[in-house]
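Take 1 as the starting number for the sequence shown in full-length UniProt numbering and just add one per residue. Here the structure is laid out as structure tokens; the discussion comes afterwards.
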Amino acid sequence: MHWSLIDAQEPPGMKRRNASASPAEVVILRPSSTFFSTPLVGRLTGMSEEGLPLVDFEGNPSGPVPARVLAGASATRLEEVALQTEVLLTFEGGLPGRPILMGLLEPR
1 MHWSLIDAQE
11 PPGMKRRNAS
21 ASPAEVVILR
31 PSSTFFSTPL
41 VGRLTGMSEE
51 GLPLVDFEGN
61 PSGPVPARVL
71 AGASATRLEE
81 VALQTEVLLT
91 FEGGLPGRPI
101 LMGLLEPR
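This is the structure in structure tokens:
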């Protein structure tokens with residue numbers, strides 16, 4: 001079983017052991033059935049306001065997400081390519097919300 005970290009907000013009815021602990025110190029782990037252990041092909045869907053590429057991929061539970069890029073990849077180049085261009089993705093810690101764009105794929 002794989003676990004994913006979710007937002008550190010208290011669910012209704014949850015009481016903190018330490019009354020002085022802030023909500024940011026409350027960490028909740030939930031079982032996650034989505035885990036990617038191998039690279040996969042996704043698609044570039046746009047750029048975020050922060051200039052990060054937005055990517056989507058089969059099995060993505062939340063729609064397009066911002067991806068980190070390898071140091072050699074150029075954000076300017078990514079802005080120039082057509083949307084829906086295929087990209088090779090890997091995932092930090094295997095988590096679908098942490099994609100890393102490894103490169104662009106040439107059309108077949």
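For glycine and all other residues, C-beta sits at the position ideal for the given N, C-alpha and C. Because the structure is a prediction, the values reported are computed rather than measured.
Nonlocal neighbours in the same chain, by C-beta distance under 8 Å from Val41, ignoring five residues either side: Looking up residue 41 in the sequence shown gives position 41. Within the same chain, Val41 has close Cβ partners Phe57, Glu86, Val87, Leu88, Leu89, Leu105.
Three-state class that DSSP yields for Leu44 in the structure shown: Sequence index remark: in the sequence shown, residue 44 carries index 44 (1-based). In this structure, Leu44 counts as strand in the three-state DSSP scheme.
Length of the line joining the Cα atoms of Pro64 and Leu70: Working through the sequence shown from its first residue, we reach residue 64 at position 64. Working through the sequence shown from its first residue, we reach residue 70 at position 70. The straight-line gap from Cα to Cα measures roughly 19 Å.
Alpha-carbon spacing of Gly72 relative to Pro107, whole angstroms: On the sequence shown, residue 72 is found 72 positions in, with the first residue counted as 1. On the sequence shown, residue 107 is found 107 positions in, with the first residue counted as 1. For Gly72 and Pro107, the distance between alpha carbons rounds to 21 Å.
For Ser37 and Arg43, the rounded distance between their alpha carbons: The residue labelled residue 43 in the question sits at position 43 within the sequence shown. The residue labelled residue 37 in the question sits at position 37 within the sequence shown. Approximately 18 Å, taken between the alpha carbons.
Neighbourhood of Ser48 by C-beta, 8 Å cutoff - its chain only, sequence neighbours within 5 removed: Here the question's residue 48 lines up with position 48 in the sequence shown. The beta carbon of Ser48 lies closer than 8 Å to those of Leu54, Pro66 in the same chain, with the five residues before and after it left out.
Closest Cα partner of Arg98 within the set Thr45, Gly46, Ser62, Val81: Within the sequence shown, the letter at position 98 stands for residue 98. Nearest C-alpha to Arg98: Ser62.
Bounding residues of the beta strand (DSSP E) (the contiguous stretch that carries Leu101): The residue labelled residue 101 in the question sits at position 101 within the sequence shown. Run containing Leu101: 99–104, per the beta strand (DSSP E) assignment.
Cutoff 8 Å; reference Gln84; Cβ partners in own chain excluding five residues on either side: Along the sequence shown, read from residue 1 onward, the residue named residue 84 stands at position 84. Arg43, Leu44, Thr45, listed in sequence order.
Distance between Arg77 and Gly51 (C-alpha atoms, nearest Å): By 1-based counting over the sequence shown, the position of residue 51 is 51. By 1-based counting over the sequence shown, the position of residue 77 is 77. C-alpha separation (whole angstroms): 12 Å.
Pairwise C-alpha distance: Pro39 and Gly103: Walking along the sequence shown from the start, residue 103 turns up at place 103. Walking along the sequence shown from the start, residue 39 turns up at place 39. Roughly 11 Å separates the two Cα atoms.
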